[in-house]
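Numbering (the working numbering), first residue to last: 4 to 320. Just so you know, even glycine gets a beta-carbon here, dropped at the ideal spot from N, CA and C.
Here you go:
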C-alpha cells in the first residue's frame with residue numbers, strides 16, 4: 004500500500020482502488036468526477052460511488068496515476084471556485100465569550116474575531132462592504148464570484164451576531180459584517196483606549212522590589228507587554244529590554260552597567276537567563292555581607308563588654 008499527499012489530505016492506494024477522503028459536498032464532487040474521472044467498476048450507473056463517513060466524503064476511483072493527476076487538478080479548480088480554503092471552524096469561535104453589551108471585553112472579543120477570520124482567509128470581509136451585485140450583462144464567472152463572496156459575508160455576519168449579547172444582536176441584526184465591526188469599534192474603542200492607557204502605565208511604572216524574585220518580576224513585566232500587544236501596541240525589543248533594566252533594584256546596578264557597556268542586544272529569554280545568573284551571585288554576595296556584619300557586630304560587642312569589666316575593677320589602696 005502506498006500513501007501520497009494531496010494538499011493537506013491523504014490518499015491511500017492499493018492494487019484495486021484508491022480511496023480519497025475529502026471534507027466537501029458529495030453532489031458537487033459527483034459532477035466533477037462524472038466529467039473527468041473513470042468509474043472504478045463499469046456499471047449501468049453513471050454516478051461515482053461516494054460515501055459519507057463522519058465528517059468526510061469518500062470518493063472511490065481507479066488506482067491510476069493519470070486519474071490521480073486529473074483528480075488533483077479537478078480538486079484544485081473546485082477549491083478555487085468554491086473558496087474551499089476559507090472553510091473555518093465556526094463552532095470554535097462561538098465557544099468564546101460573547102461581546103458584552105457594555106463593551107467591557109471588546110478588546111479580547113475583537114482579537115478573537117481577527118484570529119477567526121485570518122484562520123479562514125476571510126479578513127477581507129472587514130476591509131470593505133460586499134458591494135452591489137453584478138449587472139445582468141456580466142459573465143457567469145463574475146456572478147459566481149459575487150455569489151461566493153456573498154455567502155462568505157453571510158456566514159461571517161451570522162457568526163459575529165451569534166457572538167454578541169442579545170441587546171447587541173437586536174441592534175446589529177441587519178448590518179453586514181463590515182458595517183457591524185466599524186460601528187462596534189466606534190462605540191467601544193473609547194473603552195479600549197482607556198484599557199491601553201492603563202496597560203502602558205503599569206508596564207512603564209513597574210519596579211522590582213529589593214530582595215524579591217527576578218522570575219516573578221519578569222513574569223509581571225511580560226504580562227504587561229502581552230496586554231499591550233493584545234491591544235495592538237507592540238513593544239520593540241530594545242525598548243522592552245531597557246524598560247526591564249530600568250525596573251531593577253540597586254543591587255543589579257553592576258549588571259545593568261556591564262550590559263550597557265558591552266552594548267548587548269539580547270532577546271527577552273536570553274536576558275532572563277542572564278538575570279537569573281546575576282540573582283544567584285547577588286544573593287551570595289548578600290549572604291557574605293551579612294556574615295561579615297554579624298561577625299563585626301559580635302567583635303564590637305565583646306570589646307565593649309571587656310571595657311566595662313575593666314572599668315569596674317576596684318582600685319588598690
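For residue 122, the enclosing alpha helix (DSSP H) begins and ends at 109-122. The shortest CA-to-CA distance from residue 98 to any of 106, 109, 107 and 119 is the one to 119. The secondary-structure analysis by DSSP pairs residue 278 with nothing; it has no beta-bridge partner.
Per the coordinates, the alpha-carbon of residue 100 lies some 14 Å from the alpha-carbon of residue 117. Between residue 137 and residue 149, the CB-CB gap stays under 7 Å. Residue 244 sits close to residue 274, with the two beta carbons spaced by under 7 Å.
A distance below 8 Å between beta-carbons, with the five flanking residues on each side excluded, links residue 114 to the following residues of its chain, in chain order: 233.
For the pair residue 268 and residue 247, the Cα-to-Cα distance works out to about 13 Å. Under the DSSP definition of a beta bridge, residue 167 partners with 102. In summary, residue 214 is exposed, with fewer than 16 beta-carbon neighbours lying within 10 Å of its beta-carbon over all protein chains present.
Residue 245 carries a helical assignment under DSSP once its states are collapsed to helix, strand and coil. One alpha carbon belongs to residue 166, the other to residue 68, and they sit about 46 Å apart. Non-local beta-carbon contacts of residue 146 in its own chain, meaning distances under 6 Å to residues more than five positions away in sequence, involve 137 in chain order. Ranked by how close their Cα comes to the Cα of residue 105, the residues 144, 271, 159 and 194 have 194 in first place.
Residue 280 counts as exposed, since fewer than 16 other beta carbons sit within 10 angstroms of its beta carbon.
Judged by beta-carbon spacing, residue 209 lies beyond the 7 Å limit of residue 221, meaning their Cβ atoms are not closer than that value. Where residue 193 is concerned, the enclosing alpha helix (DSSP H) starts and stops at 180-208.
Apart from sequence neighbours up to five positions away, the residues of its chain that approach residue 231 with a beta-carbon distance below 8 Å are 199, 202, 203, 206, 237 and 238, ordered along the chain.
The Cβ neighbour count for residue 160, taken over all protein chains shown within 10 Å, is at least 16; the residue is labelled buried. The Cβ neighbour count for residue 197, taken over all protein chains shown within 10 Å, is under 16; the residue is labelled exposed.
Taking 8 Å as the upper bound for CB-CB distance, residue 129 and residue 177 are not in contact here, some 18 Å apart. In the displayed model, residue 140 falls within coil according to three-state DSSP, outside both helix and strand.
The beta carbon of residue 191 sits closer than 8 Å to those of 106 and 109, all from its chain and outside the five residues before and after it, given in chain order.
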